[in-house]
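For reference, the structure is listed below as structure tokens.
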Amino acid sequence: MKKGEIALFTSSAELGNGVGGRGGVVVPPNSVLQFEVELISWITVVDVSKDGGIIKKIIEKGQIDSRPSNLDEVLVKYRVALGDGSIVAQSPEEGTEFYVKDGHLCPALPKAIMTMKSGEKARLIVQPQYTLGEKGRDAGNWIHSIPPNSLLHVYIELVSFKPVIDVTGDGKVLKKIVKEGDCNPSADEGATVTISYMAMLEDGTVFEKKGIDGEQPLEFVTDEEQVIAGLDRAAATMRKGERAVLTIDPDYGFGSVEVRRELAVVPPCSKVIYEVEMLDCKREKVPWELSNHEKIEAAERKKEEGNLLFKSGKYQRAAKKYDKAADYVSEDMSFEKDELKLAKALRVSSWLNGAACSLKLGDFQGAINLCSKVLDVEFHNVKALYRRAQAYMETADLDLAELDIKNALEADPQNREVNLMQKNLKQLQVESNKRDAMLYTNMFSRMTKDSSTATKKLKIEKADNENEKKEEMVAMEAEKVAGSSMNS
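Numbering (the working numbering), first residue to last: 93 to 580.
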């Protein structure tokens, strides 16, 4: 039933008062009963721990669908009572803030909180294994004791929570959102952003300010290494108007060297905190927002930026530039005849350069995919065949590498690099054949050994059987002789 629904239930005698009826209120024997029922409300019960250890009864539903994750900071009000109703713990009136992963009071709280929505109120029945267990808690200043193995009744309200984002995926750049930004997309890589911030050490020492106390805000382009990596990566995820606190490990901060900033020195290997507000962000225009001429200009610019990064050994960033360059000129249908040839050339060269980055980064499948894109439009492209053959050799697909080298030499028989690669491939094939021969030799040797062992085992079993038969025959003869002696 749904809330507010009214229904008429009809019950047979067997499921009602049976053949005997009911005294007091007169219900004749064998009566069919009808019930008019209205569902006024219900309480949702959730087995949080899936073993009956934490039972949650929802008293008031939350207003927002999202739930806190293990990294998030939550504001919680709670009251904890023993089975007799005595209060043994409670939060301040304004609530208690803590990070879910750090826990609070007892193991049940963080587990229950991750099932709650902002504004939700609930009652928990918590078994001892999810409270304080056998240890309990001794009384102290303003602290009530909790006996060992206590079952607890917890009233809990999730007032709010601040999402914490693992920006880099390795826990080394965390972004706690203090205030959500507008509904526009986040800054993304290549955006021009304007931010204000206060940067400090873990002990609270402020070493830099921008856009605060009369200081000018900072404007920079994301993914251009104009600021420390952690701030750069986090800013690319922020929306206009968003305020956040960034916690940045040394790997994405100032590293293992001492750095002097405007207001203080940052010691080596320091974790740093940035309180940041995104004042403005201008994303790069996407291809559909540009004219054909602008698309070609943008592709040329990104390709050139990629070339500079490649020469500097920054292959990961160079690959992103080449990818964007190809994206700007990816749609042939939008270009006129005089532009189509240039757009195609830019796309092909960007794919080839991207494949070179993939090879440098050890992403051999990525290199194969990019070269295959080139060969789909230029099946005789020697660079694409050469680089794909390189990748195939690294993935030990020697037959495919041989085919690409053959096609490359058909297109350019005098190509020095391809001829040298062919020699290297032949050497790899010789080594591969040797390994295969040794593998098969060992395999057949084991099979022969196993077969020999099995044959020996059969012979032994056969000999044992023959011995047993002989022993049986000797025993039978002995019995006959003994029988003859007794008869005589």
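C-beta: ideal position from N, C-alpha, C; glycine also.
Open item on the list: Going by DSSP in three states, residue 497 sits in which element: helix, strand or coil?
Closed with: For this step, residue 497 is matched to residue 405 along the sequence shown. Here residue 497 sits in helix by DSSP.
Open item on the list: Do residue 442 and residue 518 count as a contact pair if the criterion is CB distance below 9 Å?
Closed with: Working through the sequence shown from its first residue, we reach residue 518 at position 426. Working through the sequence shown from its first residue, we reach residue 442 at position 350. Their beta carbons are not under 9 Å apart, which means residue 518 does not touch residue 442 by this criterion.
TODO: For residue 99, I'd like the list of residues in its chain whose CB is within less than 7 Å of its CB, leaving aside the five on either flank, ordered along the chain.
DONE: Here residue 99 is taken as the residue at index 7 of the sequence shown, counted from 1. Once the five neighbours on either side are set aside, the close Cβ partners of residue 99 are 93, 129.
Task: Every unbroken beta strand (DSSP E) within the segment 363-438, with a cutoff of 3 residues, ordered by chain - done: The qualifying runs are 364-374.
TODO: Label residue 580 either buried or exposed according to how many other C-beta atoms from any shown protein chain fall within 10 Å of its C-beta, with 16 as the threshold for buried.
DONE: Numbered from its first residue, the sequence shown carries residue 580 at position 488. Here the model assigns residue 580 a pLDDT of 44, short of 50, so the residue's position is not dependable, and the following value carries that caveat. Residue 580 sits exposed, since fewer than 16 C-beta atoms from the chains shown fall within 10 Å of its C-beta.
TODO: Could you check what DSSP says for residue 272 in three-state terms: helix, strand or coil?
DONE: Position 180 of the sequence shown, counted from the start, is the residue given in the question as residue 272. Of the three classes helix, strand and coil, the one that applies to residue 272 here is coil, per DSSP.
Task: Host beta strand (DSSP E) of residue 148 (start-end) - done: On the sequence shown, position 56 is the one that residue 148 refers to. Run containing residue 148: 146-152, per the beta strand (DSSP E) assignment.
- [ ] Determine the closest residue to residue 295 out of 308, 358, 276, 453, with distance taken between C-alpha atoms.
- [x] Here residue 295 corresponds to residue number 203 of the sequence shown, with the count starting at 1. With distances taken between CA atoms, residue 295 lies nearest to 358 out of 308, 358, 276, 453.
Open item on the list: With a threshold of 6 Å on Cβ separation, who are the neighbours of residue 256 within its own chain once the five nearest residues in sequence on each side are excluded?
Closed with: Translated into positions along the sequence shown, residue 256 becomes position 164. Counting only residues of its own chain and dropping the five nearest sequence neighbours on each side, residue 256 has a CB closer than 6 Å to the CB of 163, 164, 266, 268.
Open item on the list: Considering only their Cβ atoms, is the gap separating residue 370 from residue 331 smaller than 9 Å?
Closed with: Counted from its first residue, the sequence shown places residue 331 at position 239. Counted from its first residue, the sequence shown places residue 370 at position 278. In contact: residue 331 and residue 370 (Cβ atoms closer than 9 Å).
TODO: Following the continuous alpha helix (DSSP H) through residue 465, name the residue where it begins and the one where it ends.
DONE: The residue you call residue 465 lines up with position 373 of the sequence shown. That run of the alpha helix (DSSP H) goes 456-469.
- [ ] Verify the contact flag: residue 320, CB atom, against every heavy atom of the ligand ATP, threshold strictly below 8 Å.
- [x] No copy of the ligand ATP appears in this structure; indeed no ligand is present at all.
Task: Buried or exposed by the 16-neighbour rule on C-beta atoms within 10 Å, applied to residue 275 - done: For the purposes of this step, residue 275 is taken as the residue at position 183 of the sequence shown. Exposed: under 16 other Cβ atoms inside 10 Å.
TODO: Have a look at residue 503 and residue 492 and give me their C-alpha separation to the nearest angstrom.
DONE: Translated into the one-based positions of the sequence shown, residue 503 becomes position 411. Translated into the one-based positions of the sequence shown, residue 492 becomes position 400. If you draw a straight line from the Cα of residue 503 to the Cα of residue 492, it is about 17 Å long.
- [ ] Name the residue from 478, 283, 523, 207 whose alpha carbon lies nearest to the alpha carbon of residue 376.
- [x] Here residue 376 is taken as the residue at index 284 of the sequence shown, counted from 1. Comparing Cα-Cα distances from residue 376 to each of 478, 283, 523, 207, the minimum goes to 283.
TODO: Quick one: using the 10 Å Cβ neighbour count with 16 as the cut-off for buried, is residue 104 buried or exposed?
DONE: Your numbering for residue 104 matches position 12 in the sequence shown. Under a 10 Å Cβ-count criterion, residue 104 is classified as exposed, with fewer than 16 other Cβ atoms of the shown protein chains found around its own Cβ.
Open item on the list: Which of the three DSSP states is assigned to residue 124 in this structure?
Closed with: To locate residue 124, count along the sequence shown from 1; it is residue 32. In the structure shown, residue 124 sits in coil (DSSP, three-state: anything other than H, G, I, E or B).
TODO: Please report the residue range of the alpha helix (DSSP H) in which residue 485 lies.
DONE: Indexing the sequence shown from 1 puts residue 485 at position 393. For residue 485, the uninterrupted alpha helix (DSSP H) run begins and ends at 474-486, by DSSP.
TODO: For residue 192, name the three-state secondary structure that DSSP assigns.
DONE: Residue mapping note: residue 192 aligns to position 100 of the sequence shown, counting from 1. In the three-state scheme derived from DSSP, where H, G and I count as helix and E and B as strand, residue 192 is classed as helix.
TODO: Would you check if there are 3 or more beta carbon pairs closer than 8 Å linking the segment 178-197 to the segment 130-138?
DONE: When Cβ pairs closer than 8 Å are counted between the two stretches, the segment 178-197 is seen not to touch the segment 130-138, the count staying below three.
Task: For residue 509 and residue 364, the rounded distance between their alpha carbons - done: Taking the first residue of the sequence shown as 1, we reach residue 364 at position 272. Taking the first residue of the sequence shown as 1, we reach residue 509 at position 417. Their backbone Cα atoms lie some 49 Å apart in a straight line.
Open item on the list: Assuming residue 447 and residue 479 are in contact, meaning their beta carbons sit under 8 Å apart, how far apart are those beta carbons, in whole angstroms?
Closed with: Numbered from its first residue, the sequence shown carries residue 447 at position 355. Numbered from its first residue, the sequence shown carries residue 479 at position 387. The beta-carbon separation of residue 447 and residue 479, rounded to 5 Å, stays under the 8 Å limit for a contact.
Open item on the list: Quick check: what's the CA-CA separation for residue 391 versus residue 417?
Closed with: On the sequence shown, residue 391 is found 299 positions in, with the first residue counted as 1. On the sequence shown, residue 417 is found 325 positions in, with the first residue counted as 1. Residue 417 has its alpha-carbon roughly 4 Å from the corresponding atom of residue 391.
Task: Helix, strand or coil at residue 578 according to DSSP, with G and I counted as helix - done: By 1-based counting over the sequence shown, the position of residue 578 is 486. At residue 578 the pLDDT is 43, less than 50, meaning the model places this residue with poor confidence; the figure from the coordinates comes in the next sentence. Here residue 578 sits in helix by DSSP.
- [ ] Please list the segments of the alpha helix (DSSP H) lying wholly inside the segment 497-534, counting only runs of 4 or more residues, in order along the chain.
- [x] Runs found: none.
Task: Own chain partners of residue 222 with C-beta closer than 8 Å, once the 5 adjacent residues on each side are dropped - done: For the purposes of this step, residue 222 is taken as residue 130 along the sequence shown, with counting starting at 1. Excluding its 5 nearest sequence neighbours in each direction, residue 222 has C-beta neighbours in its own chain below 8 Å: 141, 145, 146, 198, 199, 200, 203, listed in chain order.
Task: Cβ pair count under 8 Å reaching 3, the segment 332-352 against the segment 237-250 - done: Too few Cβ pairs lie closer than 8 Å, so no.
Task: Rounded separation between residue 174 and residue 218 - CA only - done: Against the sequence shown, residue 174 aligns to sequence position 82. Against the sequence shown, residue 218 aligns to sequence position 126. So the alpha carbons of these two residues sit roughly 10 Å apart.
Task: Nearest-angstrom Cβ-Cβ length linking residue 388 and residue 431, presumed shorter than 8 Å - done: Within the sequence shown, residue 388 is the residue found at index 296, counting from 1. Within the sequence shown, residue 431 is the residue found at index 339, counting from 1. The pair is a contact, with the Cβ atoms about 7 Å apart (cut-off 8 Å).
Open item on the list: Do residue 354 and residue 662 have their beta-carbon atoms positioned less than 9 Å apart in this structure?
Closed with: As shown, the chain starts at 93 and ends at 580. That puts residue 662 outside it, with no answer to give.
Task: Local Cβ density within 10 Å of residue 523, reported as buried at 16 or more and exposed below that - done: Within the sequence shown, residue 523 is the residue found at index 431, counting from 1. Result: exposed.
TODO: Assign residue 442 to one of three DSSP states: helix, strand, or coil.
DONE: Within the sequence shown, the letter at position 350 stands for residue 442. The DSSP-derived three-state label of residue 442 is helix.
TODO: Under 8 Å by Cβ, that's how I've got residue 435 and residue 474 pegged, so tell me the actual separation to the nearest angstrom.
DONE: What you label residue 435 is simply residue 343 of the sequence shown in a count that begins at 1. What you label residue 474 is simply residue 382 of the sequence shown in a count that begins at 1. With 8 Å as the limit, residue 435 and residue 474 do not qualify as a contact, their Cβ atoms being about 21 Å apart.
Task: Chain-order list of residues whose beta-carbon lies under 6 Å from that of residue 521 (same chain, five-residue window excluded) - done: Residue numbering aside, residue 521 sits at position 429 when the sequence shown is read from its first letter. Only 490 meet the Cβ criterion.
Task: C-alpha gap between residue 107 and residue 121, whole angstroms - done: Taking the sequence shown and counting its residues from 1, one reaches residue 107 at position 15. Taking the sequence shown and counting its residues from 1, one reaches residue 121 at position 29. Residue 107 and residue 121 have their C-alpha atoms some 12 Å from each other.
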